[in-house]
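This report refers to the structure that appears directly beneath it.
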Amino acid sequence: MQGFNKYYPPDYDGEKHGSLNAYRGKHALGDRARKIDQGILIVRFELPFNIWCGTCNNHIGMGVRYNAEKKKIGSYYSTPIYSFRCKCHLCDGWFEIETDPKNTRYVVTSGARQKDEEWDPEENGGYAVHDTDPNAGPVDPLAALEKTTAAKNYAEQVQAPRLEALQTLSDHYGTDPYSLSLKVRKRFREVKKVEKAKQAADEQFKSAYGLPETLALAEDNEELRVEAREAFRREREEAERESRKRRKVVSEVGLVPRTPARMSAPSGSKSSSAVSSLRARILQNTARSSASLAGPSRVKPPDLKNVIRR
Ligand SMILES: [Zn+2]
Numbered sequence: 001m002q003g004f005n006k007y008y009p010p011d012y013d014g015e016k017h018g019s020l021n022a023y024r025g026k027h028a029l030g031d032r033a034r035k036i037d038q039g040i041l042i043v044r045f046e047l048p049f050n051i052w053c054g055t056c057n058n059h060i061g062m063g064v065r066y067n068a069e070k071k072k073i074g075s076y077y078s079t080p081i082y083s084f085r086c087k088c089h090l091c092d093g094w095f096e097i098e099t100d101p102k103n104t105r106y107v108v109t110s111g112a113r114q115k116d117e118e119w120d121p122e123e124n125g126g127y128a129v130h131d132t133d134p135n136a137g138p139v140d141p142l143a144a145l146e147k148t149t150a151a152k153n154y155a156e157q158v159q160a161p162r163l164e165a166l167q168t169l170s171d172h173y174g175t176d177p178y179s180l181s182l183k184v185r186k187r188f189r190e191v192k193k194v195e196k197a198k199q200a201a202d203e204q205f206k207s208a209y210g211l212p213e214t215l216a217l218a219e220d221n222e223e224l225r226v227e228a229r230e231a232f233r234r235e236r237e238e239a240e241r242e243s244r245k246r247r248k249v250v251s252e253v254g255l256v257p258r259t260p261a262r263m264s265a266p267s268g269s270k271s272s273s274a275v276s277s278l279r280a281r282i283l284q285n286t287a288r289s290s291a292s293l294a295g296p297s298r299v300k301p302p303d304l305k306n307v308i309r310r
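So, in structure tokens, the structure goes:
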């Protein structure tokens, strides 16, 4: 029995023995490690399926437990493959079962016969399970060669010229940054000068006509100028028409009060004189305003002051 308890005998020397197990000459796993020098550890193993013993031909049910000799016998990639060697409890025969990491199952390798109880979908009205790994399958050497040739051609005819073009472009922009910078800065200065002059002109215009600072002025061009001139002409014609109409109405109004004045003549000469003086004043004003409208001073280009007054 291994040293489970913590009793240290009087002749125990920690430096000499190291541990109690070493002092007693036992493995930490005790009797189960009695074949550890052969790489065998004795473990409790439970049958994962039904088998028939190869020696006594008895059926042994799934779940029967044995003290099996567990041993590493190889590996599938980095996963170890273990074998379990068990002694039949009905006879003296041995059988061996191994792990199969590739298919994640156990297989009987010797001394017994496994009862085949694997589920077969095809047998039970389902579809067969096939390996659907696209990478697998027979490799055609000629197809592989064709593939590599196509890749090579593509690299030579498409990728290389593209890389060269990119390299040329990069050289074009990257070889002489000083002169490029000079060019760009010169152009920037010219544009800035023009922009500044334009901005100053706009500011002056805005302050002259008391326009808001934030007002964005339209770009000055020939098309807009023609449009503005056209609009001005239309407006002037409209104004002239209006004034003609007004003159006509005033002259009619001037005629209308005459009749009631005459009719109301007996009421007093004072009111009749007031009406006639009013009529005279209206006529005078109308004549003055029409003269100023039709005068040569109104033909000159649009002036905002006039527009505002109107
Ligand atoms: Zn047996």
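As numbered in UniProt numbering, residues 1 to 310 make up the sequence shown, in order. All residues carry an ideal CB built from backbone N, CA and C; glycine is no exception. These figures come from a predicted structure and were not determined experimentally.
Query: Ligand 1 heavy atom lying under 7 Å from the CB of Leu-47; Result: no
Query: Local conformation of Pro-266 per DSSP, three classes; Result: Only weak support exists for where Pro-266 lies, its pLDDT of 48 falling under 50; the value from the coordinates is given anyway. Correct three-state label for Pro-266: helix.
Query: Range of the contiguous beta strand (DSSP E) that encloses Ala-68; Result: 65-76
Query: Length of the line joining the Cα atoms of Asp-11 and Cys-91; Result: 47 Å
Query: Lys-248 versus Asn-221 - alpha carbon distance; Result: 41 Å
Query: Cβ-heavy atom distance, Gly-125 to ligand 1, below 7 Å; Result: no
Query: Residues near Ile-97 in its chain [Cβ-Cβ closer than 6 Å; skip 5 each side]; Result: Phe-84, Tyr-106, Val-108
Query: Which residues DSSP lists as bridging residue 312, in chain order; Result: For residue 312 there is no data in the structure shown, the boundaries of the chain being 1 and 310.
Query: DSSP beta-bridge partners of Gln-114; Result: Ile-51
Query: Candidates Ser-273, Glu-117, Ser-78: closest to Pro-101 by CA position; Result: Ser-78
Query: Other residues of its chain near Pro-80: CB distance less than 6 Å, five sequence neighbours each side excluded; Result: Lys-72
Query: Those residues which DSSP pairs with Tyr-106 across a bridge; Result: Thr-99
Query: Span separating the alpha-carbon of Glu-146 from that of Lys-152; Result: 10 Å
Query: Ligand 1 heavy atom lying under 7 Å from the CB of Cys-86; Result: no
Query: Gly-93: CB within 7 Å of a non-hydrogen atom of ligand 1; Result: yes
Query: Under the three-state DSSP convention, the category Glu-123 falls into; Result: coil
Query: DSSP state of Val-139 mapped onto helix, strand, coil; Result: coil
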